[in-house]
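Take a look at the structure set out below.
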Amino acid sequence: MESFKKGNIITAKLFTKLKAAWLRSKYRAYFLTLKYLYWPSLFADKPTLEVYLALNDPHSFMLVQVLSDIEQRFKVNLKLFLIYEAVPSVGIDPKLMRNWALEDANYIAQQYGLQSIEKYPSAKALITGQQIWQLSSKTVAQAGDIFEQTWFDKFEFYYNASTPLINFQIKNQQRLINKGHYLPATLLFAGDWYLGVDRLIHLEAKLIKLGLSNSHEPSKYKANLLTDNLVSHEETEAINREKQSESNVCEVFISLRSPYSYLGFEKVKALAKKYQTSLIIKPVLPMMMRGLDMPINKARYIYIDAHREARLANIPFQTFNDPIGKGIVNCYEIFNYAESRGKAVEFISAAFEAIYVNNHDVTQQHVIKLICHSIGLDHSAALEYAKQHDWQQWSDVHQSELEQLGFWGVPCFKYQDTFCWGQDRLAQIEHAMKQNIKAAL
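In the working numbering, each residue carries its 1-based index in the sequence shown increased by 1124.
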């Protein structure tokens, strides 16, 4: 367990202490607006929205299909940059990620009526598309045409790879990194990043707030929000019949260090209450405790994005007292005992609240003792129980189960035959729960 990189731990702790409060500060928002919007507006007609796309990235193909809508509805100039699929060293399992990206992009296509895709473009189509992009002007319409030609191999002739073709993408990729991100299918506006079609809801809200909308039309890109519909009387009766069923269970893979896990856990708790579903919690180790790096751009974006996702969902997110290392060990030692006492959900809830709301340091054993006391657990008994039950074994089993589902990180959720990665994909789980109720009516 001690094999994780201590240098990474120090870097992470420093990032947490120095950056977290500033990243969620209203003063940062004011500064970025002044720097990137109001000051440049003295010299230009419209503010600039930078878009970074990769021709072999499924999510970029989904994003490029909606850019004309953004261009028409808002007073912004779109500036397009073509990069490679992703910045090196930010992925964990490239094969799993590529398989997931294709499936997830098609899920987005289904939600918004976009073109779906069956397979990645061939190497010769990809090189030709990149070459045509380099040689042509970069309007939204032309970008859409190039993506379609590349993904559906509609070229009449093909180009060979060339050094200029490689260099211009490397230059754009370095621009992406220097400006603070690490993935394609991203948009940069007034110093803030938005990843893919899913985060257009936040971009729309910002543009509307700044008076840059051409109409009074509300946000369009909100298909992944959970429903707030009340359960009918007939559905309630079906739920009561189904709630004792062994199949009415949702497995939840989380890490206490993952802000997205915190949000997903709060959301799935609400779903479980609404549809009377049992939750099985399956914690895993954070990536950095598995010896994997966390680039600063990635850490910064995840924190900012999770914070605004929390605001959208009305989930408290006041701080982040990093549990990396000893804090994770402390909590996982207690979890097994809490689970044996039927309090797994209560313990994880209390741990998340300590880390993300109350600014408590779970690396300190007296904080763990307070958490146990708050949910009626005997702290001393929990520590004794941990001596006989190795938390590392079940953590490894959970990680293995996660990989068998085709995922590499958390949060992930599995309900019957439906499984998804990401707190912003819980609409899939809710849909499966609804279908289960309909079947029971």
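The beta carbon of each residue, even a glycine, is placed where N, CA and C say it ideally should be.
None of these values were measured; they are calculated from a predicted model.
Bounding residues of the beta strand (DSSP E) (the contiguous stretch that carries residue i)
i: residue 1201; result: 1201-1207
i: residue 1543; result: 1542-1545
Residue i vs residue j beta-carbon contact at 8 angstroms
i: residue 1440; j: residue 1481; result: yes
i: residue 1486; j: residue 1478; result: yes
i: residue 1362; j: residue 1553; result: no
i: residue 1239; j: residue 1273; result: no
i: residue 1433; j: residue 1515; result: no
i: residue 1224; j: residue 1449; result: no
i: residue 1258; j: residue 1292; result: yes
i: residue 1320; j: residue 1220; result: no
i: residue 1170; j: residue 1338; result: no
i: residue 1382; j: residue 1265; result: no
i: residue 1574; j: residue 1408; result: There is simply no residue 1574 to check, as the chain begins at 1125 and stops at 1565 in what is shown.
i: residue 1217; j: residue 1249; result: no
i: residue 1573; j: residue 1540; result: No answer is possible for residue 1573: the residues shown for the chain start at 1125 and end at 1565.
i: residue 1325; j: residue 1346; result: yes
i: residue 1322; j: residue 1548; result: yes
i: residue 1376; j: residue 1406; result: yes
i: residue 1270; j: residue 1256; result: yes
i: residue 1384; j: residue 1430; result: yes
i: residue 1557; j: residue 1336; result: no
i: residue 1399; j: residue 1305; result: no
i: residue 1341; j: residue 1435; result: no
i: residue 1229; j: residue 1182; result: yes
i: residue 1455; j: residue 1492; result: yes
i: residue 1546; j: residue 1411; result: no
Cβ separation of residue i and residue j, assumed to be a contact under 8 angstroms, to the nearest whole Å
i: residue 1348; j: residue 1551; result: 5 angstroms
i: residue 1380; j: residue 1452; result: 6 angstroms
i: residue 1402; j: residue 1355; result: That pair is no contact at about 17 angstroms.
i: residue 1301; j: residue 1180; result: About 19 angstroms separates the two Cβ atoms, so there is no contact after all.
i: residue 1311; j: residue 1416; result: About 27 angstroms separates the two Cβ atoms, so there is no contact after all.
i: residue 1252; j: residue 1283; result: 5 angstroms
i: residue 1241; j: residue 1275; result: 6 angstroms
i: residue 1460; j: residue 1503; result: No, residue 1460 and residue 1503 are not in contact; Cβ-Cβ is about 14 angstroms, not under 8 angstroms.
i: residue 1537; j: residue 1392; result: 6 angstroms
i: residue 1318; j: residue 1307; result: Between residue 1307 and residue 1318 the Cβ distance is about 11 angstroms, and since that is not below 8 angstroms, they are no contact.
i: residue 1445; j: residue 1484; result: 6 angstroms
i: residue 1564; j: residue 1365; result: 6 angstroms
Reference residue i; option with closest CA among the options
i: residue 1203; options: 1175, 1492, 1242, 1510; result: 1175
i: residue 1462; options: 1445, 1509, 1322; result: 1509
i: residue 1205; options: 1195, 1229, 1184; result: 1184
i: residue 1378; options: 1289, 1390, 1346; result: 1390
i: residue 1470; options: 1501, 1454, 1444; result: 1501
i: residue 1438; options: 1260, 1350, 1335, 1512; result: 1350
i: residue 1262; options: 1201, 1318, 1222, 1305; result: 1201
i: residue 1499; options: 1428, 1484, 1511, 1472; result: 1472
i: residue 1443; options: 1286, 1476, 1294; result: 1476
i: residue 1428; options: 1287, 1309, 1294, 1315; result: 1315
i: residue 1226; options: 1254, 1243, 1555, 1237; result: 1243
i: residue 1414; options: 1359, 1313, 1523, 1286; result: 1523
Beta-bridge pairing of residue i - partner residues as DSSP gives them
i: residue 1373; result: 1402
i: residue 1174; result: 1203, 1312
i: residue 1536; result: 1377, 1545
i: residue 1337; result: 1198
i: residue 1179; result: DSSP, once it has assigned bridges, lists no residue as partnering residue 1179.
i: residue 1318; result: 1311
i: residue 1407; result: 1378
Start and end residues, alpha helix (DSSP H) containing residue i
i: residue 1418; result: Residue 1418 -> no alpha helix (DSSP H), and no H or E assigned at all.
i: residue 1462; result: 1450-1464
i: residue 1299; result: 1287-1303
i: residue 1218; result: 1218-1236
i: residue 1561; result: 1550-1564
i: residue 1474; result: 1468-1480
i: residue 1259; result: 1247-1259
i: residue 1437; result: It is not in any alpha helix (DSSP H) - residue 1437 carries neither H nor E in the DSSP assignment.
i: residue 1493; result: 1489-1498
i: residue 1517; result: 1515-1528
i: residue 1264; result: 1264-1275
i: residue 1509; result: 1503-1512
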